[in-house]
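Protein chains in written order, with my numbering: chain A, 1 to 349; chain B, 1001 to 1349. Quick reminder that beta carbons are idealized off the backbone N, C-alpha and C, glycines included. As the structure is a computational prediction, the values presented were derived from the model and not from experiment. What follows is a set of notes on a single structure, which appears directly below.
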């Protein structure tokens, strides 16, 4: 697949911390800078997925993790550091400003910490999203759901029949993190998609949308264009998500479905979907020897991991810390992290 | 406590491999060279416990582990390497030869891989054992049992009443690794002791005993004294234990009871008895943070270990390997080790 048109840039959002991947992820080494599955880091893969040469990629990150992101970002990529984390809307607004400043007309937005199994197909879909955005719509890439997930936002395409949806791809509504019953209904309906934080738009269309839905953000952007300091403009922008602040209120939002083996790699147990099943469970390790063991999730690159009689564990080995948890408690890693901080062991976080 | 008499030497047996402590113990780094509880290595503590200045300590080890033993042995100690592992009888015979050669009259024998909680009291008991041995008896130090252990040999003192036993300390019989019912009886009897492989004797008395019970070993020793090569003499010695080959057949064996918080540290779970109970179980680690966790045995020195919802696990972190096992399977670590070797992963063993 060829690159996206020359007037198109890519903004990769790399400001998240990924606390659920502790003890591997740290304040200064966030999830996107890790290789969770033994391959290149998630950020490197996001940049490769962006569909433009590295010179047209902008990575936005936060001050705490800037060094780690710079260390991992492919050479030639521009890494910019937001003054503070204020959700996705200010980061994307600033991205629009930077793209415009650099002479770009359109840009795609990609998270830095997801995985895609079928990159070729994704490239095709991304081209299509950029093409759809050429008409002035704000375009979101909607992931074909595989489960009634309550932790994601969902997108319902217009219910005018599959053919019409395929033609104009209009969005009927966004459903923010639904209760299970609603998620099950959406899944059963067969047309709803997951909102995965991947977008394509024209700079002018996005700036117009900011003007209408988040006028303070738009004013701050104009001030920035007139030479205001970033720190000042930044504080004046609305600290909200692009979905909640702009897309959910905008009338011309379209969705391009993607069915590419996408995973947000939301916690260690997501490695179940990403790694091939092996002895004793799934593992990133030099070697695994397991006797009477199963359904474990292991991350100990470079080590021989020996499992004896253990099931349903999450085992994560970091250079200075070791986590052993019940895999059902994978979401509780955050609670453990809080406890570590509460005890004054912040050097491990 | 002062040193043992000047004619007394100490022989520390450091030829065991300690496979049950894999992945920390290795072919070239046996149990006695490890600090299992976070303190000095077991070998260093055995040398300190020997009751004589380092110049009168001889450490016998095997070729595979000689480098590790030399690296750990306190300066001034003499480390000698047996041509091959042939059980304790040849090693002790050779020790007798070396002590005699160096002008010593008596020596104590200590294993290199046990722990003693009350070292001062042990020193006192060791002095007593050497004093009892002055009369020409072969003396074994018998550990006061705390459980009906079937993995140890037991020693029954002569059943002539506690007072008589306390006076002459004669051994009635040795019971090799008894069935549980027998061990329970021995424990209930209140006088039987564990054979812990700790001895004291005069060189001449021991050589006489070899002559009577293992004449080939004695002949090999005489050849050694006449200038034969060690490799040659070694092969001619009986490959048996000192208990089975000599003590069980000898009429004048006496026992000095010791009640000193002794542990043979037979497997990882022995750390339960050696380490103070802490959060989530017992641990050698830099820090432990445990939520809803208990009865685990952890060895990960230098690391923060985080436990979440896990119970009854054995967790051992080595630089290149990580073991996670059910604690009930601690004895099966050997089986795991065999499996590792079977798969051609001998570099980890």
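task = Kindly indicate which three-state DSSP category residue 12 of chain A falls into: helix, strand or coil?
result = strand
message = Under 9 Å, Cβ to Cβ, is there at least one residue of chain A near residue 1302 of chain B?
response = yes
request  = Spell out the partners DSSP gives residue 1061 of chain B in its beta bridges.
outcome  = B:1014, B:1081
query = Looking only at C-alpha atoms, which of B:1309, B:1081, B:1111, B:1225 sits nearest to residue 1262 of chain B?
reply = The candidate whose alpha carbon is nearest that of residue 1262 of chain B is B:1111.
inquiry  = When you compare the CB positions of residue 1075 of chain B and residue 1046 of chain B, do they come within less than 9 Å of one another, or not?
reply    = no
query = Going along chain B in order, which residues have a C-beta closer than 7 Å to the C-beta of residue 28 of chain A?
reply = Correct list: empty, because the minimum Cβ distance to chain B is about 16 Å.
Top-ranked residue by Cα proximity to residue 1255 of chain B, from B:1217, B:1187, B:1181, B:1129 = Comparing Cα positions, the closest option is B:1129.
request  = Could you tell me which chain B residues have their CB closer than 7 Å to the CB of residue 210 of chain A, listed as they occur along the chain?
outcome  = Residues of chain B passing the Cβ test: none, with the nearest at roughly 43 Å.
message = Can you list, in chain order, the residues of its chain with a C-beta nearer than 6 Å to that of residue 1321 of chain B? Leave out the 5 residues immediately preceding and following it.
response = When the five nearest sequence neighbours on each side are left out, the beta carbons in the same chain lying within less than 6 Å of the beta carbon of residue 1321 of chain B are those of 1023, 1348, in order along the chain.
message = Please classify residue 2 of chain A as buried or exposed, where buried requires at least 16 other C-beta atoms within 10 Å of its C-beta.
response = exposed
task = May I have the straight-line CA-CA distance separating residue 84 of chain A from residue 63 of chain A, to the nearest angstrom?
result = 7 Å
query = Excluding five sequence neighbours on each side, which residues of the same chain lie with their C-beta closer than 6 Å to the C-beta of residue 198 of chain A?
reply = 110, 141
task = Could you check what DSSP says for residue 1113 of chain B in three-state terms: helix, strand or coil?
result = Three-state result, residue 1113 of chain B: coil.
key: Chain-ordered chain B contacts of residue 297 of chain A [CB-CB under 8 Å]   = Ordered by position in chain B, no residue passes the 8 Å Cβ test against residue 297 of chain A, which lies about 12 Å from the chain.
request  = Flag residue 1326 of chain B as yes if its beta-carbon sits less than 9 Å from any beta-carbon of chain A, otherwise no.
outcome  = yes
inquiry  = Are the CB atoms of residue 185 of chain A and residue 153 of chain A within a distance shorter than 9 Å?
reply    = No, the Cβ-Cβ distance between residue 153 of chain A and residue 185 of chain A is not below 9 Å.
Cβ neighbours of residue 66 of chain A in the same chain (closer than 8 Å, five flanking residues each side left out) = The residues are 79, 81.
task = Throw me the rounded Cβ distance for the residue 107 of chain A and residue 203 of chain A pair, which I believe falls under 8 Å.
result = 7 Å
query = What are the start and end residues of each continuous alpha helix (DSSP H) run of 4 or more residues lying completely inside the region 270-316 of chain A, in chain order?
reply = 271-274
request  = Report whether the distance from the Cβ of residue 1285 of chain B to the nearest heavy atom of the ligand NAP is below 8 Å.
outcome  = No copy of the ligand NAP occurs in the structure displayed, which carries no ligand at all.
request  = Taking 8 Å as the threshold, find out whether the region 236-248 of chain A comes into contact with the region 84-97 of chain A through three or more Cβ pairs.
outcome  = yes
task = Determine whether the Cβ of residue 1044 of chain B lies closer than 9 Å to any Cβ atom of chain A.
result = no
task = Give the residues of chain A in contact with residue 1315 of chain B, contact being defined as C-beta atoms less than 8 Å apart.
result = Scanning chain A for C-beta atoms nearer than 8 Å to the C-beta of residue 1315 of chain B yields 322, 324, reported in chain order.
Min CB distance residue 1329 of chain B to chain A below 9 Å = yes
message = Against chain B, with Cβ distances strictly below 9 Å, would residue 309 of chain A count as a contact?
response = yes
key: Closer than 8 Å at the beta carbon, the chain B residues around residue 339 of chain A   = 1289, 1291
Between the CA atoms of residue 1250 of chain B and residue 1244 of chain B - distance to the nearest angstrom = 10 Å
inquiry  = Quick check on residue 330 of chain A: buried or exposed, where buried means 16 or more other Cβ atoms within 10 Å of its Cβ?
reply    = Here residue 330 of chain A is buried, its C-beta having at least 16 other C-beta atoms within 10 Å.
message = Going by the DSSP bridge assignment, what does residue 263 of chain A pair with across the sheet?
response = A:115
query = Three or more C-beta pairs closer than 8 Å, one from the region 299-314 of chain A and one from the region 1328-1347 of chain B: is that the case here?
reply = Contact annotation: the region 299-314 of chain A touches the region 1328-1347 of chain B, with at least three C-beta pairs closer than 8 Å.
query = Ordered along the chain, which non-local residues of its own chain (more than five positions away) have a Cβ less than 6 Å from that of residue 195 of chain A?
reply = 153, 155
ask   = Which bits of chain A does residue 1343 of chain B rub up against, with CB to CB less than 9 Å?
value = 287, 289
inquiry  = Taking 8 Å as the cut-off, does the region 131-139 of chain A touch the region 36-54 of chain A (at least 3 CB pairs, one atom from each stretch)?
reply    = no
inquiry  = Bridge partners for residue 1140 of chain B per DSSP, in chain order?
reply    = B:1199, B:1255
Proximal residues of chain A, C-beta to C-beta of residue 1332 of chain B below 8 Å = 291, 308, 309
Bridge partners - residue 54 of chain A, DSSP secondary structure assignment = DSSP, once it has assigned bridges, lists no residue as partnering residue 54 of chain A.
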